[in-house]
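Just so you know, we're using the numbering used here here: the sequence shown kicks off at 60 and counts up by one.
Yeah, the Cβ is synthetic: ideal placement off N, Cα and C, and Gly gets one too.
Computed from a prediction, not measured in an experiment: that's the story for all the values here.
Down below is the structure, laid out as structure tokens.
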Amino acid sequence: MNNFSYKNTTKIHFGKGEISKIKEEIPANARVLITYGGGSIKKNGIFDQVIDALTGITFFEFGGIEPNPHFETLVKAVEFARKEKITYILAVGGGSVIDGSKFIAAGTLYRNELWEIIETNGAHIKEAIPLGCVLTLAATGSEMNKGASITRAETKDKLFFGSTHVFPKFSVLDPTTTYSLPARQVGNGVVDTFVHVVEQYMTYPVNAKVQDRFAEGLLMTLLEEGKKALITPEDYDVRANLMWAATMALNGTLATGVPTDWASHMIGLELTGLYGLDHAQTLAVLLPAVWLYKKEQKKEKLLQYADRVLNIKQGDDEEKILAVIAHTSQFFTDMGVPTRLQDYGLDETIIQPIIEKLEQHKFVKLGEYKDITPDDVRSILKLAL
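This is the structure we're talking about:
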């Protein structure tokens, strides 16, 4: 196991009715900005629960934060927060709303050009407005980490930043808030969570038994419960397990003491920025292709996953590995997330623009060995066609 330092400062309130705990976390004299996306929270009762919990507290609203939140929209939110002297932000939504709210929290107090927050990967952030979250979509883990991904629509750049200053102070995870989600978002959430786990697991062994077993447990949970959420969307136990799995997948725990990959994510960011695919759709396309391309380097962990998680016992090593990739691809398909670029109407003409964006962003040494070059990405994308 490799050396590591680990700290997570987010308090979690988990369970039905826990939205009421907001009043215990936000100061009575706060000026709160409630951030949200398209407005579904005003139709399904979640907004009403939030307002009840904020009784007596001054609040304002900023809606319309997009999936893959746009920098241009968030700048408007920052301007609004400055104008109204906001002292606390409450993000009500999924990962995109929370990511965008992290940017607003940092940007409101940032005195230089706002795009610097992204360009410097958050390194220049010295302070941020406190942030709380009410999670309504289990997927990204943003409710319990310091990272955020932001899209600049004008230039089609989807990038990310991180800072300890934007760790949510608290997050409310009520599984019932996910009951009304469309099947597409449910499937995306499970795939997103799954890939978060394997990006920290499917590398090479370092005798980190705790992390490996933890990752394998999460993967087994997702494989067992994912499809159930599509069949019985109001099964509380299914939703609870998926919601907690998504949070635990990316709160930093799995990454302690182990090598991590993230190649699928980095290529996927460019695919979303340029062509508008959902984040999980890019991951479902790219992950099997990365595994196939790097199967020799990932051999030991692919076989470990085959044995411990998928219970694949028949065949030689090569047959087992191909079965692993096929099984995982089928799981994504079963979740309603296709796994080929052609399924989204894309062909080989997208490859060069993606390569150019990766080079522009200096993402030219990817993977756990930092050996995936732009030429390798070209080969991976061809496998994903």
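{"query": "Buried or exposed for Tyr147, going by 16 or more other Cβ atoms inside 10 Å?", "result": "buried"}
{"query": "Report the option in Phe130, Thr117 and Tyr260 whose CA atom is closest to the CA atom of Thr214.", "result": "Phe130"}
{"query": "Rounded to the nearest angstrom, what separates Pro347 and Gln411 at their Cα positions?", "result": "20 Å"}
{"query": "To which residues of the same chain is Leu196 closer than 8 Å at the C-beta, ignoring the five residues directly before and after it?", "result": "Gly152, Gly153, Gly154, Thr237, Leu240, Gln244 and Gly248"}
{"query": "Go through its chain and collect everything with a Cβ distance to Lys161's Cβ below 7 Å, but skip five positions before and after it.", "result": "Leu190, Ala207 and Val225"}
{"query": "Quick check on the DSSP output: the beta strand (DSSP E) that includes Thr252 runs from which residue to which?", "result": "Run containing Thr252: none in the beta strand (DSSP E); it sits in the alpha helix (DSSP H), Ala242 to Glu258."}
{"query": "Measure from the alpha carbon of Pro397 to the alpha carbon of each residue in Glu275, Trp350 and Val344, then state which is nearest.", "result": "Val344"}
{"query": "Taking 9 Å as the threshold (C-beta atoms), are Thr312 and Ala267 in contact?", "result": "no"}
{"query": "Along the chain, where does the alpha helix (DSSP H) that runs through Arg272 open and close?", "result": "Lys268 to Ile290"}
{"query": "By Cβ distance below 8 Å, which residues in the same chain neighbour Ile176 in space, the five residues on each side in sequence not counted?", "result": "Phe162, Ala165, Gly166, Tyr169, His183, Ile184 and Phe220"}
{"query": "For Glu275, which residues from the same chain have a beta carbon less than 7 Å from its beta carbon, with the 5 sequence-adjacent residues on both sides left out?", "result": "Arg367 and Val368"}
{"query": "In whole angstroms, give me the CA-to-CA distance for Ala322 and Gly115.", "result": "47 Å"}
{"query": "When we look at the beta-carbon of Ile290 and count the other beta-carbons within 10 Å, is it buried (16 or more) or exposed?", "result": "exposed"}
{"query": "From the DSSP output, read off the bridge partner residues of Ser230.", "result": "Ile71 and Cys192"}
{"query": "Leaving aside the five residues before and after Leu333 along the sequence, list all residues of the same chain whose C-beta is less than 6 Å from its C-beta, in chain order.", "result": "Lys215 and Pro412"}
{"query": "Can you give the Cα-Cα distance for Glu125 and Leu218, rounded to whole angstroms?", "result": "15 Å"}
{"query": "Do you know how far the Cα of Asp320 is from the Cα of Leu425?", "result": "7 Å"}
{"query": "What ranges does the alpha helix (DSSP H) occupy inside the segment 94–162, keeping only unbroken runs of at least 4 residues that lie completely in it?", "result": "105–112 and 130–142"}
{"query": "Could you say if the segment 81–93 and the segment 248–263 meet the contact criterion of at least three C-beta pairs nearer than 8 Å?", "result": "no"}
{"query": "Hey, how far is the Cα of Glu178 from the Cα of Thr280?", "result": "37 Å"}
{"query": "Does DSSP classify Gly221 as helix, strand or coil?", "result": "strand"}
{"query": "Helix, strand or coil for Gly332 per DSSP?", "result": "helix"}
{"query": "So which of Val317, Val297 and Pro292 has the shortest CA-CA distance to Gln259?", "result": "Val317"}
{"query": "Run through the DSSP bridge pairs and tell me what Asp434 is partnered with.", "result": "Asp434 is not bridged to any residue."}
{"query": "Just confirm the distance between the C-beta atoms of Val254 and Leu278, as a whole number of angstroms; I'd bet it's less than 8 Å.", "result": "About 11 Å; that fails the 8 Å criterion."}
{"query": "Am I right that Leu330 and Met261 are in contact with their C-beta atoms under 8 Å? What's the rounded C-beta distance?", "result": "The pair is not a contact, with the Cβ atoms about 20 Å apart (cut-off 8 Å)."}
{"query": "Residues in the same chain with beta-carbon distance under 6 Å from Ile145, minus the five sequence neighbours each way, listed in chain order, please.", "result": "Arg90 and Leu92"}
{"query": "Relative to the C-alpha of Ala365, which candidate in Gln356, Leu351, Leu381 and Leu113 has its C-alpha closest?", "result": "Leu381"}
{"query": "Hey, how far is the Cα of Gly76 from the Cα of Met203?", "result": "19 Å"}
{"query": "Put Gly166 into one of helix, strand or coil per three-state DSSP.", "result": "helix"}
{"query": "Quick one: is Ser388 buried, meaning 16 or more other Cβ sit within 10 Å of its Cβ, or exposed?", "result": "buried"}
{"query": "Using the rule of at least 16 other Cβ atoms within 10 Å of the residue's Cβ for burial, across every protein chain shown, is Met394 buried or exposed?", "result": "buried"}
{"query": "Report yes if the C-beta distance between Thr252 and Ala308 is below 9 Å; otherwise report no.", "result": "yes"}
{"query": "In terms of residue numbering, what span does the alpha helix (DSSP H) encompassing Ile85 cover?", "result": "Careful: Ile85 lies outside any alpha helix (DSSP H) and carries neither H nor E."}
{"query": "Just reading off the alpha helix (DSSP H) that Ile380 is part of, what are its end residues?", "result": "Asp376 to Asp393"}
{"query": "Nearest to Arg211 by CA position, among Thr432, Thr341 and Thr132, is which residue?", "result": "Thr132"}
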